[in-house]
Amino acid sequence: MKFAYVDACIWITLIEGLTAYRPLIREVLHALTQDHWTLCTSDAVRLEVMISPIRKKDERLVAIYRALLETNRALKTPPSVFLDALSIAGSEGLKSMDAVHIAIATHHRCERFVTTDPHFKSLSLLAPVWVDLETA
468 MKFAYVDACI
478 WITLIEGLTA
488 YRPLIREVLH
498 ALTQDHWTLC
508 TSDAVRLEVM
518 ISPIRKKDER
528 LVAIYRALLE
538 TNRALKTPPS
548 VFLDALSIAG
558 SEGLKSMDAV
568 HIAIATHHRC
578 ERFVTTDPHF
588 KSLSLLAPVW
598 VDLETA
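Just add 467 to wherever you are in the sequence shown, counting from 1, and you've got my numbering.
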């Protein structure tokens, strides 16, 4: 199986972002699934996408995210995630939460990292699938 870790910014852009960005996000995700990639998520993604709707008590948005994330393969957070993230943050020049995502993805042998965040464009541990929203 081929695993593609989908960053939180993809889901937030798809659900809450500008309407003009949504077709591009859908196109990239559809192309991956058509090419037999399994879309993956983690509790780190769940935390990032749901924190704002929970703070705002937006139950409708919470339900949308819950349903959406249930369609992805849920990756368990390994016990070594924070030690791994420290090493990754240093070698890749990433912020702490970004390094946590990469630690989870690499632990589960994900081969792609799907994101709109340009900080991941030069990622060396796994191949970034960078969605350039400026082209939308």
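Idealized CB from N, CA, C, for every residue including glycine.
Quick caveat: nothing in here was measured; it's all calculated off a predicted structure.
inquiry  = Using a 10 Å radius around the Cβ and a threshold of 16 neighbouring Cβ atoms, would you call ARG579 buried or exposed?
reply    = buried
key: Short CB-CB distance (under 9 angstroms) between GLU494 and chain C   = The question asks about chain C, but that chain is absent: this structure has only one protein chain.
task = With DSSP as the reference, please indicate the residues paired to ARG540 in a beta bridge.
result = CYS507
query = Apart from the five residues on each side of it in sequence, which residues of its chain come closer than 6 angstroms, Cβ to Cβ, to PRO490?
reply = none
task = Drop a sphere of 10 angstroms on the beta-carbon of ILE521, count the other beta-carbons inside from all chains shown, and report buried for 16 or more, exposed for fewer.
result = exposed
ask   = My guess is that ILE479 and VAL581 are in contact by the Cβ rule of under 8 angstroms, so how many angstroms apart are they, rounded?
value = Actually they do not touch by this definition, with Cβ atoms about 13 angstroms apart.
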